[in-house]
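Colleague: Residue numbers (this note's numbering): 8 to 103.
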């Protein structure tokens, strides 16, 4: 039982990093060729902060993701629309 809990924690950490990387990649895809400073002029987040999120250099707050979405003029849901099978991941976490 303890081993299963430890394995689940390890899986969680690994997948969390994978999910963060997918969100960062999604941000870059949505950004396209638009410079970070142009996005930052449309929201309350600095271009450096946007770059840090896009390069997966920081854990950001929800407000930062919302601000970035505003700067990109997209729904915040679009930033989180990543290719990751959450259902399968949750089944594995639950040992099913």
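Cβ coordinates follow ideal geometry from the N, Cα and C atoms, glycine included.
Being a predicted model, the structure only gives us computed values, none of them experimental.
Could you name the residues of the same chain whose beta carbon sits closer than 6 Å to that of residue 49, not counting the 5 residues immediately before and after it, in chain order?
Modeller: 78
Colleague: Mind the definition here: the segment 35-43 touches the segment 56-76 only if three or more C-beta pairs lie below 8 Å; say whether that holds.
Modeller: yes
Colleague: Output yes or no for whether 8 Å exceeds the beta carbon distance between residue 29 and residue 90.
Modeller: Contact: yes.
Colleague: Please report the Cβ distance between residue 63 and residue 27, rounded to the nearest whole angstrom; I am assuming they are in contact, meaning their Cβ atoms lie under 8 Å.
Modeller: A Cβ-Cβ distance of about 6 Å is found for the pair residue 63 and residue 27, placing them in contact under the 8 Å criterion.
Colleague: Can you list, in chain order, the residues of its chain with a C-beta nearer than 6 Å to that of residue 65? Leave out the 5 residues immediately preceding and following it.
Modeller: 59
Colleague: Helix, strand or coil, according to DSSP, for residue 42 in the structure here?
Modeller: DSSP places residue 42 in coil when its eight states are reduced to three.
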